[in-house]
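I have placed the structure first, in the form of structure tokens, so that the comments after it can refer back to it.
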Amino acid sequence: MRGIVLVLNAGSSSLKFAGFRATGTGPEPRFTGQVEGIGATPRLIARDAAGAVLAERRWAGAEAPASVAEAVTTVVRGIEASLHGQPILAIGHRVVHGGTEFAAPVRVDAGVLAALERLVSLAPLHQPHNLAGIRAATKHFPGVPQIACFDTAFHRSQGWVAETFALPPRFYEQGLRRYGFHGLSYEYIARLLAAEDPALGAGRLVVGHLGNGASLCAIAGGESRGSTMGFTALDGIPMGTRCGQIDPGLVLHLIDALDMTTAEVSDLLYRDSGLKGLSGVSQDVRQIEAAGTAAAEGALAHFAFRVRREIGALAATLGGIDALVFTAGIGENAAGVRARICEGLGFLGIRLDAARNAAHAPEISVAGAPVRVLVRHTDEERMIAEHALAVLDADGG
Ligand code: ADP
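Residue 277 in the UniProt record's numbering is what sits at position 277 of the sequence shown, and the numbering runs on without skipping anything.
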């Protein structure tokens, strides 16, 4: 198969895209880019695989793409024009929710699209934009296979014990269960480690995807055994602006005693909490570290405390771990946060090497420590491209 696999990740106000050339040994990155500020003042930037800027654009007035669907149309037109006749083999889409039905990537047809529509209520902030991206891409390239790849799919191996809430079973049957998210990132990391070191890939891992959205995942034998995220991407550890795990009784109190509307509670928990809410500075760890205020210090200390607690909890579900892996924006770049998290985890066999950690080395534990601590770059777009090619292969091209 010769040609390009496009990857689209359509969010509420941004569209990320990437292009990979299909080769015999898997997808080879060619370009990445994003349109930000959709609905306000959109701007596009695209770079080649080496990071050089290929295109940069700002729009004004009526020309500006006003919706994610319009941004998809604009981007795919631009990409098509720049490919000089190279065929687009498939378009892979990041879709946040696959519900109970989709445990693997799937080629989208009318029936699949209808099934994904029914999941909108499970992820109202993300799923409609993901589906708008699929519809716009299908309209522009009606003959090109569209492959949906799910953030929940990797976690379907968790099993009932980890997935269920302690509610009457009818709620589980209705789909009210822990799904877990960031699955494409975890799957990428699990495969990467298995390729690097098959014994490690078959072992017990806790992986921390610590970005604006953040979660941790327990992995054994390359499969998810649990996630800190649950029914929604609000559960688990504190994030840039999301609170993470919170006593459900507190939510009732906000509504019943403090007279907050559900919209106000939603805004509080999704947009005004987490590192931003606690620090009063920003959701960005770099700015929080630079602020040096007591509230900023408290935000970082609480974040590390909660992550450490969840590492312990996930390690307990696995009966111990062979490696702890940090990934995503904070995990890959914030040495100070990694050091704080690992402080006090010596009982698990985790011992950081300060110099390696400061240098963001691929392995930041001391030589010979019982548990390896690794830093790896995650690449969800590449994972989607690999899935898209695999689905094409399975379909016979
Ligand atoms: P997203 O979930 O939006 O994909 P990323 O994985 O890119 O997010 O993570 C973004 C976050 O990573 C930023 O908000 C910031 O907190 C953190 N980050 C990125 N670079 C650094 C850095 N050099 N030092 C500390 N934190 C960083």
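For glycine and all other residues, C-beta sits at the position ideal for the given N, C-alpha and C.
What first and last residue would you give for the alpha helix (DSSP H) that runs through residue i?
| i | result |
| --- | --- |
| P75 | The sequence given here has Val at residue 75, not Pro. Segment V68 to S82, the alpha helix (DSSP H) holding V75. |
| S266 | T262 to R271 |
| R286 | V285 to A291 |
| Q127 | Q127 to H140 |
| L252 | P248 to D256 |
| D393 | E380 to A394 |
| C243 | Unbroken run through C243: none, as it is neither H nor E. |
| R309 | A294 to L318 |
Sorry if obvious, but does the Cβ on residue i come closer than 8 angstroms to a heavy atom of the ligand ADP?
| i | result |
| --- | --- |
| N357 | no |
| A304 | no |
| D284 | yes |
| V7 | no |
| E289 | yes |
| N130 | no |
| G213 | yes |
| G274 | no |
| A328 | yes |
| A103 | no |
| G159 | no |
| A334 | yes |
| V337 | yes |
| G33 | no |
| G240 | yes |
If you follow the beta strand (DSSP E) that residue i is in, where does it begin and where does it stop?
| i | result |
| --- | --- |
| F150 | Q146 to F150 |
| A104 | Here A104 belongs to no beta strand (DSSP E), and DSSP marks it neither H nor E. |
| P87 | Looking at the DSSP string, P87 is not in any beta strand (DSSP E), and its letter there is neither H nor E. |
| H209 | R204 to L210 |
| T232 | Unbroken run through T232: none, as it is neither H nor E. |
| F171 | From DSSP, F171 is part of no beta strand (DSSP E) but of the alpha helix (DSSP H) over P169 to E173. |
| E187 | Looking at the DSSP string, E187 is not in any beta strand (DSSP E); the run it does join, the alpha helix (DSSP H), is G183 to E196. |
Could you pull out every residue in the same chain whose Cβ sits closer than 6 angstroms to the Cβ of residue i, ignoring the five residues on either side in sequence?
| i | result |
| --- | --- |
| P370 | G349 |
| V366 | R351 and D353 |
| G244 | G236, I237 and P238 |
| T138 | Q146 |
| S157 | E223 and S224 |
| A190 | I219 and G222 |
Less than 7 angstroms between C-beta atoms, sequence neighbours within five positions excluded: which residues of the same chain meet that for residue i?
| i | result |
| --- | --- |
| D379 | Y188 |
| A299 | L275, L278, S279 and I288 |
Applying the criterion that 16 or more other CB atoms from any shown protein chain within 10 Å of the CB defines a buried residue, is residue i buried or exposed?
| i | result |
| --- | --- |
| R338 | buried |
| R77 | exposed |
| S12 | exposed |
| L250 | exposed |
| R57 | exposed |
| Q34 | buried |
| L252 | exposed |
| E343 | exposed |
| H209 | buried |
| R225 | buried |
| T293 | exposed |
| P27 | buried |
| T242 | First, the amino acid is wrong: residue 242 is Arg here, not Thr. By the neighbour-count rule (16 or more Cβ atoms within 10 Å), R242 is buried. |
| F154 | buried |
| G99 | buried |
| G201 | buried |
| Q283 | buried |
| A52 | exposed |
| T25 | exposed |
| A123 | buried |
Relative to the C-alpha of residue i, which residue among the options is closest?
| i | options | result |
| --- | --- | --- |
| G336 | I288, M260, T293 and A148 | I288 |
| V7 | L184, L176 and F102 | L184 |
| S215 | I321, A103, G99 and V307 | V307 |
| V144 | F326, G61 and V5 | V5 |
| A194 | E223, H209 and L176 | E223 |
| L116 | H97, K276 and K139 | H97 |
| I45 | A69, S14, F20 and E28 | S14 |
| D267 | G85, A52, T138 and L234 | L234 |
| G329 | G396, H129, G180 and G211 | G211 |
| E63 | G85, A52, A40 and L83 | A40 |
| G230 | R177, E196 and V206 | R177 |
| A10 | G51, A123 and A132 | A132 |
| P340 | R47, D197 and A301 | What sits at residue 340 in the sequence shown is Arg, not Pro. Among R47, D197 and A301, the Cα nearest to that of R340 is on A301. |
| V325 | E101, I364 and A299 | I364 |
Answer yes or no: does any C-beta atom of chain B fall closer than 9 angstroms to that of residue i?
| i | result |
| --- | --- |
| A104 | Here chain B cannot be found, since the structure has a single protein chain. |
Cutting at 8 angstroms between CB atoms, please list the residues of its own chain near residue i, excluding the five before and the five after it.
| i | result |
| --- | --- |
| T262 | I255 |
| G312 | L345 and L348 |
| G37 | S13, S14 and R43 |
| C149 | G92, H93, R94, V95, P105, L184, M383, I384, H387 and A388 |
| G319 | R204 |
| Q127 | V95, V96, H97, L116, L119 and V120 |
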